[in-house]
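A.B. asks: All you need for my numbering is the position in the sequence shown, starting with 1, plus 159.
Have a look at this one before I ask anything.
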Amino acid sequence: MKEISSLDGGTTKKTTAKPSSKPALKAKKNTDLRPVYAFFATLVLYVAVMFLCNKYPCGEYSFLHSDLRAQYAPFLALLRNKIADLDSVPKGHLLSYLSYSFKLGLGKNFIGTFGYYLASPFNLIYLLIDEAQIDLAVLVIVTLKLSFSAAFMCLFLNKRADDQKTLWPVLLGIMYAFSLYTQAFIFQIMWLDGYMLLPLILYFTEKFIKKQNYAGFVISLLILFVSNYYIAYMVGIACFLYLCIRMFVLKVPKKEAFGTALRYVLAAGFTGLVTAVMLVPVGLDTIRNSDQTVLPYGDKVITYSPYTLIHMMILGEPGDFNDILPGNYPFLFICLPVTILVLIYFLSPVFKGRERKIHAFCILGVLLSTAVYFIDKAWQVFDDPNWFWHRHAFVFLPLFLVISFRVLARIKELSRKSIMQAMLIMFAFVVIDSSWGSLHDYPKAVLYNMILITVYCGIFAGFGIANWPDQLRDMPKMLSPIMAGIVVFELIFAGPMLSSGIETLTMFGGPAVEYSDSIRAEQEFGAFAKAEASADGAFRAEEERLPEYTTKYYVDEGNAFYGNYNGLSFFNSNSNKKMQRFIKQLGIPANYNYFSVKYNFSCPPADAFFSIGSVSSRKGLSFYRLAGQDSYGSGLMFYSNDNVLPLAFAADKKAMDFDFYRLERDADEKDYYALQNEWYRSMFPDEFTEDFFVEIGEDVTGGPQITNGVFFNANEYTTNEVYINKNGPDSEEGGVVEDPLGLEKDIYNKLEDSVTTIYKTNEKIPIAVEYNFKAPSDDEIYCSLVTGRILDGTEVYVNGIQISSFAANSFYSQIFRIGKFNEGDDVKVTFLSGNSSWSYLNIRFASFDNEAFSRQFAEIDKSSVTPVSVSDGYAKFDVKGMEEGDMVLTTIPAEDGWQFYVDGSPAEYRVYQNAFIAFDTGAGDHTAELVFTAPGLKAGACVSCAGVVLLAAFIVIDKKRPKKNEKQK
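Structure below.
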């Protein structure tokens, strides 16, 4: 085993090897263990960080944060349950089951979610761990990916090394695994596969240049394409650029270089074709459900300033996650030694020459690729991320590590002058950043940078000292381990401490045990909902999301995935936007780009329509039957809803003509309660003749009491030009994110005039809008907060207890369940906002007459349509005795991929309100079936088969070509 002092980068004495007495064929090549060292060293260091940061299972707190908690971890539970339920798939419908899930909101194409979030082979590790231990599963997955990334970077650098015994690649590999990119984006677990595989593919690219070796290259590309197509795009471009630049550096003849590049592209292209069975349906689903509401970047051409560029080169980030990550700068920083070594490389005469000029050109390309908006966008699949910019920044990290490795390999040849120049430049960077940049008012980071820069430069200078005093004669052997120790200190202590606001491992996540217990509570509720569904025919269940109603760290996203039941809430970038827009009309919280809908309040009319037969809540429900409670003490109560429609039911055909989206065109009233009364009347005109939502007028609630705010209508003061334009055709101005689906844009000017705006008078306290009144009855009370389009940041309180909160510019108008009170009880509803202004169109209260709703609901004939068999991607119904004016209405979201059959023959279905499947079967008894196949799946399978043949043929022909040439010679 090599001593760690071999990090010294010095030259070694040449020795004459004795000829072996054994035959050459039996000579064994020593196995290079350095990648193994890098793997286990990184693994140990990440475990140490978990102890330092008190992360479960090495500590108390959860690792789950941001989208990892809201989406990625719950999706792992969804995948686990989908695999576990494979034995329940109806015969002949496995393909439908694999390509669809009713748990994705009300139901959606599963391929898109699987391809982006779940395709990594590492996710199967979760199958080996208790489902409630999601924290442990995610940390194991993340740690293994980053440990492999260190090993693969070490392997790649070994390939670039002249000295095949040096341990510098081990240390550089560890640095790669702890870069700022990984520490900030470690919660983006699906990106880490590409991060991990990048150096491995670069390693095989090096081998490809010399020997056109296909096996490792093709296999690593296959894993890359399958794991995450989005990051694979970035890695693929980076590796091809590396191939071209590397051949230019090696002065490969043009003809040979062109042939190598062509074979490289063909091999990669055919490998991509092999994965078309997944990439084609994933791509179609992503495109068809893309975000159409992203605010354009603007007129800016440059994405960050020179001060930010300087800040990117030094240690420490004082900003918070919610301030930095929504529009982050490119995370190119690895650690201070890398920045210093790159500076030395361009300052020292040791490295002057053609290759340094090429590297300078490459670094210029890095800056242009991240700073120029249009180039940056091209790297990200021509997409404008609404959060987490510069996702491709990691592809440039190998360049900095290769340069650092070149300097370390010749560290003894460096002059003190070059090292001193680099140190002074680094000091200047720190001074500039602390004076005018991000480190202003962050003296701790300034101090750490100054000390570490001085120490690193001193160590680099020490490598060049030939004659140490006798007292320090062992110093040459000690410098390398000292440096390694300081690097580890920076990576696992100083870095996380100085960037604690954006590094996931340092953020407070709440007690992991509480979270695990709440998962087990969800599983109990899922079992309860399944039992109830078999009795009442309900298809879905839901949990009323009231995270503000408890101080405990409980599951509040992806509940249905953990509980393994079909729900309504959904958060995903490729959600079914048209279906989410439908849900928005009912006052259920939907965010501005329809990525997310949240079941924040239970309401019998909506629950009945969506076939929600079981509801759990930590806040009492008066209109449902309490049937149980979780056994883990989380306070989750289980309720049974007796008034529920099945997945498909008979409804009046005229309901297709109901103006369901009229509130989007209403600039005056926007009455959500009247809409629901009339909506039910449109579906069941004979049964629902009486309103169940009854508005509570201002004669009861009185007007709002305003604290710390004044009314002011700025629209009354304008220029003549603006007045003329405003009274012309409606237009959307002022930086408002356009919504191509909603209709508010058609009445934007009218809405702007109709809203009431309250301006804050004292910045130290929030605006308060408060209603105090006596409960007019014993019925449940609801409140609707309505604005022109997107609500301002608000906290909602009932009698001083918070029931909801949301950030500004996030959600559309919504309804809140205030609760049940005895007639005459005091009710105080308060809206607090920390914004400088707070706008609303109207605030309405209504009582829900559950007796009137239940009485009329009981009149609905639910016997005409009977679900026979329903599983993911497949639904079969018996239709009997339909009345002439009725149709079958389902709550299965309409999307491309559904095929409809009546009595086994293909037929056409209709789309109800641009959101759900409806159909007619005609008179008599019929069997109706809906079968889902992901669009592009069959075509992708054909392309994959062709890709396998083409790839195999290409490799065989290309391998035979040299032999044929030799015979001809």
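Ideal placement from N, C-alpha and C gives every residue a C-beta, glycine not left out.
#1: Give a yes or no on contact between the stretch 1007–1018 and the stretch 947–963, applying the rule of three or more CB pairs nearer than 8 Å.
#2: Can you give me the C-alpha to C-alpha distance between Leu484 and Leu326, rounded to a whole angstrom?
#3: Short check: CB of Ile360 to CB of Ala197, under 8 Å?
#4: Of the residues Glu1067, Ser597, Phe797, which one's Cα is nearest the Cα of Val774?
#5: From Glu849 to Thr709, what distance separates their C-alpha atoms?
#6: In the DSSP assignment, find the unbroken beta strand (DSSP E) run with Val714 in it and report its ends.
#7: Touch check for the stretch 504–522 and the stretch 348–360: three-plus C-beta pairs under 8 Å?
#8: Using 10 angstroms around the beta-carbon of Ala232, count the other beta-carbons present and answer buried if the total reaches 16, otherwise exposed.
#9: Nearest to Ser379 by alpha carbon, out of Lys214, Val433, Ser770?
#10: Is it buried or exposed, Glu857, if we count other Cβ atoms within 10 angstroms and call 16 or more buried?
#11: For Asn733, name the three-state secondary structure that DSSP assigns.
#12: Given this structure, state the Cα-to-Cα distance separating Asp629 from Ile610, to the nearest angstrom.
#13: Compare the Cα-Cα distances from Asp482 to each of Ser597, Gly274, Gly218 and report the closest residue.
#14: In whole angstroms, what separates the C-alpha of Cys1101 from that of Gly772?
#15: Roughly how many whole angstroms lie between the Cα atoms of Phe588 and Ala620?
#16: Among Ser998, Phe684, Val714, Val646, which one has its Cα closest to the Cα of Ser677?
#17: Can you check which of these residues, Asp1062, Val853, Lys743, is closest to Phe819 by C-alpha distance?
#18: Can you tell which of Gly685, Tyr373, Val566, Ser1103 has its C-alpha closest to the C-alpha of Asp321?
#19: For Val329, is the classification buried or exposed, using 16 other Cβ atoms within 10 angstroms of its Cβ as the cut-off for buried?
#20: DSSP has Asn931 in a bridge; who is on the other side?
#21: Would Phe384 and Phe376 qualify as a contact pair, given that the criterion is a beta-carbon distance under 8 Å?
#22: Between the alpha carbons of Phe541 and Phe547, how many angstroms are there, rounded?
#23: Helix, strand or coil: which one does DSSP assign to Met406?
#24: My output table needs one value for Phe1091: the three-state DSSP class, helix, strand or coil.
#25: Give me, in chain order, the residues of the same chain whose beta-carbon lies closer than 8 Å to that of Phe210; leave out the 5 immediate sequence neighbours on both sides.
#26: For the alpha helix (DSSP H) containing Asp129, name the first residue and the last one.
#27: Give me the Cα-Cα distance between Phe1075 and Leu527, rounded to the nearest whole angstrom.
#28: Evaluate His252 with the Cβ neighbour count: other Cβ atoms within 10 Å of its Cβ, from every protein chain shown; 16 or more gives buried, anything less gives exposed.
#29: In the DSSP output, what is Ser1030 paired with across the bridge?
#30: Name the one or two DSSP bridge partners that His1085 has.
#31: Using a threshold of 8 Å, state whether the C-beta atoms of Asp984 and Val853 are closer than that.
#32: For Met579, does the count of other Cβ atoms within 10 angstroms reach 16, so buried, or fall short, so exposed?
#33: State the DSSP-derived secondary structure class of Gly787, mapped to helix, strand or coil.
#34: Is the CB-CB distance between Ala1034 and Leu806 below 8 Å?
#35: Which same chain residues, not among the five before or five after Pro178, have their C-beta less than 6 Å away from its C-beta?
#36: For Thr860, which residues of its own chain have a beta-carbon under 6 Å away from its beta-carbon, when the five flanking residues on both sides are left out?
C.D. replies: Let's see:
#1: no
#2: 35 Å
#3: no
#4: Phe797
#5: 37 Å
#6: Premise fails: Val714 is in no beta strand (DSSP E) and is neither H nor E.
#7: no
#8: buried
#9: Val433
#10: exposed
#11: coil
#12: 27 Å
#13: Ser597
#14: 42 Å
#15: 21 Å
#16: Val714
#17: Lys743
#18: Val566
#19: buried
#20: Lys987
#21: no
#22: 15 Å
#23: helix
#24: strand
#25: Cys217, Gly218
#26: Because the chain here runs from 160 to 1128, residue 129 falls outside it and cannot be looked at.
#27: 46 Å
#28: buried
#29: Tyr1033
#30: Val1038
#31: no
#32: exposed
#33: strand
#34: yes
#35: Note that Pro178 scores a pLDDT of 45, beneath 50, so its modelled location is shaky; the value from the coordinates is reported in the next line. None.
#36: Tyr930, Phe932, Phe1004
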